[in-house]
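Asks: In my numbering, each residue's number is its place in the sequence shown (first place is 1) plus 29.
Glycine residues also receive a C-beta, built at the ideal position from the N, C-alpha and C atoms.
The structure's right below; bear with me while I get my questions together.
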Amino acid sequence: MNRVLFYAIVPVLLVMVLVINLKSIPGPPYGGDLYFHNGIAEAIFHGTPVFHDPTNYEGYAFYPWLYHSIVALLGHIVGAVMPVTVYIMPILILLLSIIIIYLLVGELTSKHAAVLSPLLPLAFHFPDPHPHTLMLMVFVPLFYLALIRYLKEPSIKNGIFLGTTWALAGLTHVLGTFGIGAVIVVNVIWDVVRDRALSAVKRWIVPFFVGIPLLFLYWGPLLFVYHAQTPNPYQSLVWAHYTIVDFTVDMATFFVFYSWKGILSLLAIVGLYIIVKIQSHPARRIIVSSLLGMYIGGVIFILLGNPLIAKKLSLYFFTLDIILVSLGVAYITSRFPKGKALAAITVMLLAISGVTVIEFASSPWVQIGFHEFPFDELRTWLIENTDVNDVILSNYEASFMLFSISGRKTVLFRRTHASPFVDYNKRSADIMVALLGNNTTKALQILKEYHIKYVYIDKSTSADPLWVPISYRKYLENNGVPCHIEQVRYDPADPKSVKIEACVSEFNISKLMPYLEERFNKRDSVLFEIHYPDELAEM
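Here it is, written out as structure tokens:
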């Protein structure tokens with residue numbers, strides 16, 4: 030046990046050395062995933078109910094909210110959300126992962142592999158403060174631990190445990206619902222085929238009975254209110270170039286690592302050898318059912334036009350790789366002198382864990398986090414002088430930033446992070462008419478309809494024009510807005526992104542200036558409050 034504690038402490042210290050040197054979230058405020066999820070936690074922290082859309086004045090949550098709720102809860106303990114994102118969540122995710130991986134490896138392999146297992150999580154992935162990291166490092170391994178125990182003993186208690194882990198993963202990330210669901214369905218079919226009786230389905234009733242109602246806490250409004258209609262279909266436009274061939278290659282090479290992680294591939298290959306040779310090994314069914322379920326599910330999603338979901342199934346590779354590597358470690362320690370084998374593997378895993386931290390810290394995006402937070406004064410002003418439901422109008426990237434640092438509502442948003450259930454094309458067209466159209470009264474009516482209270486501009490404004498598909502050309506031109514046609518990338522961060530023929534216009538607030546009062550102006554950040562005419566103020 031002392032050795033287990035030592036191995037658990039080392040990776041935590043490695044992460045702490047990096048985390049305590051950060052001065053802000055390790056990513057860009059404009060478009061960075063970690064900032065986006067900080068914004069959702071900020072919205073919940075400041076009073077937005079978890080079931081509500083955190084980015085918009087109205088609507089339902091479009092992103093699973095368990096991670097953000099945890100961050101917001103811890104924020105109430107420490108007094109603010111951003112310190113939780115920067116300093117607490119990486120350590121918490123790693124600690125939980127170490128505990129669960131230790132239990133998981135202990136169920137499948139020898140005590141020697143279990144002793145070394147605390148070194149495995151950091152060797153494979155850095156615990157960045159992101160929902161998918163909480164899912165892949167904590168809740169997916171927890172699901173596999175529950176699945177193994179349920180396969181050994183399909184009791185009601187273990188069934189409740191299994192269903193609960195499915196819900197925890199699904200309430201953290203969309204792939205928690207689909208990936209685990211696919212694995213469970215394959216295991217149901219496995220039992221039916223093995224027993225040659227449909228009655229085998231009965232033993233899986235408890236996990237479904239527990240998991241599905243809990244998952245509907247998130248999925249219910251999306252299915253029954255939005256009817257799964259997505260006018261902002263980023264799930265089909267992001268990674269649209271990802272094909273079944275690409276997916277097949279990814280699935281077939283899930284255990285292959287390159288450069289410094291290549292030695293982990295060798296251990297994983299040994300693990301594959303074990304499950305091929307020993308057909309009764311419990312890990313065999315886990316690996317086979319997982320690959321079958323995810324492959325069939327991924328192909329279906331690609332055929333349905335949702336390649337992003339297929340691509341993200343790679344989040345499950347973390348646990349599958351750890352299972353294979355732990356089997357490899359158990360095999361090697363059983364065939365060679367245990368002392369030397371354990372020492373060699375320990376040194377290797379420690380070195381790889383160290384490199385994981387160094388590589389994460391070397392990322393250009395992460396480097397941003399070693400500098401002072403550039404919007405501290407703006408964030409403080411927004412928190413102290415606005416309400417969480419106040420709506421701010423700005424261009425796409427600045428709207429993303431404003432939400433991410435304060436949790437305040439916006440009208441526009443970077444489409445790849447925005448709610449798929451909100452029509453951002455219509456919103457963009459309306460805002461183009463409001464800013465650039467030939468009817469001031471209509472412009473103010475549009476702003477009022479979107480509950481806009483503030484307007485914000487900064488250095489990103491001129492470089493981030495508004496755009497809508499060319500199908501809105503007539504609407505724009507009928508309202509005095511010229512249509513300048515360009516090919517626009519749907520995802521500005523992806524060079525391979527789908528390009529859309531669009532009407533493009535600058536974000537220009539000059540026509541609104543008579544109705545704007547400057548409220549904040551520092552470091553190129555300028556925030557105005559709108560004063561509506563009396564006839565509109567009472568609307």
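Tell me which residues share the same chain as Thr348 and place their Cβ nearer than 6 Å to its Cβ, disregarding the 5 neighbours each side in the sequence.
Replies: Hits under 6 Å: Val169, Pro170 and Tyr173.
Asks: Within 10 angstroms of its Cβ, does Asp405 collect 16 or more other Cβ (buried), or is it exposed?
Replies: exposed
Asks: So Val395 and Phe389 are in contact, right, with Cβ under 8 Å, and what is the actual spacing, rounded?
Replies: 6 Å
Asks: Going by CA-CA distance only, name the one from Lys503, Asp493, Gly436 and Leu411 that's closest to Asn85.
Replies: Gly436
Asks: How many Å lie between His105 and Phe74 at the Cα?
Replies: Cα-Cα distance, rounded: 7 Å.
Asks: Is the distance from the Cβ of Leu148 to the Cβ of Ser355 below 8 Å?
Replies: For Leu148 and Ser355, no; Cβs fall outside 8 Å.
Asks: Taking 8 Å as the cut-off, does the segment 440–447 touch the segment 237–256 (at least 3 CB pairs, one atom from each stretch)?
Replies: Counting Cβ pairs under 8 Å, fewer than three are found: no touch.
Asks: Would you decide whether Phe365 is buried or exposed? Buried here means 16 or more other CB atoms lie within 10 Å of its CB.
Replies: exposed
Asks: Please report the residue range of the alpha helix (DSSP H) in which His513 lies.
Replies: Where His513 is concerned, there is no enclosing alpha helix (DSSP H), although the beta strand (DSSP E) it sits in stretches over His513 to Arg518.
Asks: For Trp496, name the three-state secondary structure that DSSP assigns.
Replies: Annotated three-state conformation of Trp496 is strand, per DSSP.
Asks: Only counting the same chain, and skipping five residues up and downstream in sequence, which positions put a Cβ closer than 7 Å to that of Ile303?
Replies: His310, Leu356 and Tyr360
Asks: How would you label Glu87, buried or exposed, when you count the other beta carbons within 10 angstroms and need 16 or more for buried?
Replies: exposed
Asks: Determine the closest residue to Glu515 out of Lys525, Phe549, Trp268 and Pro498, with distance taken between C-alpha atoms.
Replies: Pro498
Asks: Starting from Ala229, trace the beta strand (DSSP E) both ways and give me its first and last residue.
Replies: It is not in any beta strand (DSSP E) - Ala229 carries neither H nor E in the DSSP assignment.
Asks: If we count the other Cβ atoms within 10 Å of its Cβ and call it buried at 16 or more, is Trp496 buried or exposed?
Replies: buried
Asks: Measuring CA to CA, which of Asn507, Val274, Leu121 and Glu530 is closest to His513?
Replies: Nearest C-alpha to His513 among Asn507, Val274, Leu121 and Glu530: Glu530.
Asks: Just to confirm my understanding: we take Ser448, look at its own chain, exclude 5 residues before and 5 after, and list those with CB closer than 7 Å. What are they?
Replies: Asp82, Thr84, Asn85, Gly88, Phe91 and Asn261
Asks: Looking only at C-alpha atoms, which of Lys181, Glu558 and Met45 sits nearest to Tyr483?
Replies: Glu558
Asks: For Trp289, which residues of its own chain have a beta-carbon under 6 Å away from its beta-carbon, when the five flanking residues on both sides are left out?
Replies: Val384
Asks: Please say whether Leu125 and Val167 have beta carbons closer to each other than 8 Å?
Replies: yes
Asks: What separation, rounded to the nearest whole angstrom, lies between the Cα atoms of Ala492 and Tyr425?
Replies: 10 Å
Asks: Counting pairs of beta carbons, one from the segment 545–564 and one from the segment 404–418, are three or more of them closer than 8 Å?
Replies: yes
Asks: Counting along the chain, where does the alpha helix (DSSP H) carrying Ala143 start and finish?
Replies: Lys140 to Leu145
Asks: Under the DSSP definition of a beta bridge, which residues are partnered with Asn550?
Replies: Val555
Asks: Is Ser309 helix, strand or coil by DSSP?
Replies: coil
Asks: Label Glu478 either buried or exposed according to how many other C-beta atoms from any shown protein chain fall within 10 Å of its C-beta, with 16 as the threshold for buried.
Replies: exposed
Asks: The beta strand (DSSP E) spanning Val420 covers which residue range?
Replies: Val420 to Leu422
Asks: Would the segment 268–282 count as touching the segment 325–335 if we require 3 or more Cβ pairs under 8 Å?
Replies: As far as the Cβ criterion goes, the segment 268–282 touches the segment 325–335, which means the pair count is three or higher.
Asks: Of all the alpha helix (DSSP H) runs that stay within the bounds of the segment 281–367, which reach a length of 4 or more residues?
Replies: 291–306, 311–332, 336–341 and 346–364
Asks: So Tyr96 packs on Leu197, CB below 8 Å; how close in whole Å?
Replies: 10 Å between Cβ atoms; not a contact.
Asks: Going by other Cβ atoms of all chains shown within 10 Å of its Cβ, with 16 needed for buried, is Lys341 buried or exposed?
Replies: buried
Asks: According to DSSP, what are the bridge partners of Ala531?
Replies: Partner(s): Pro498 and Glu515.
Asks: Would you call the CB atoms of Met280 and Ala211 closer than 8 Å?
Replies: no
Asks: Considering only the beta carbon of each residue, do Leu200 and Trp94 sit closer than 8 Å?
Replies: yes
Asks: I'd like the span of the beta strand (DSSP E) that includes Tyr263, first residue to last.
Replies: Segment Tyr263 to Leu266 is the alpha helix (DSSP H) holding Tyr263; no beta strand (DSSP E) there.
Asks: What do you reckon, are the CB atoms on Ala472 and Leu505 nearer than 8 Å?
Replies: no
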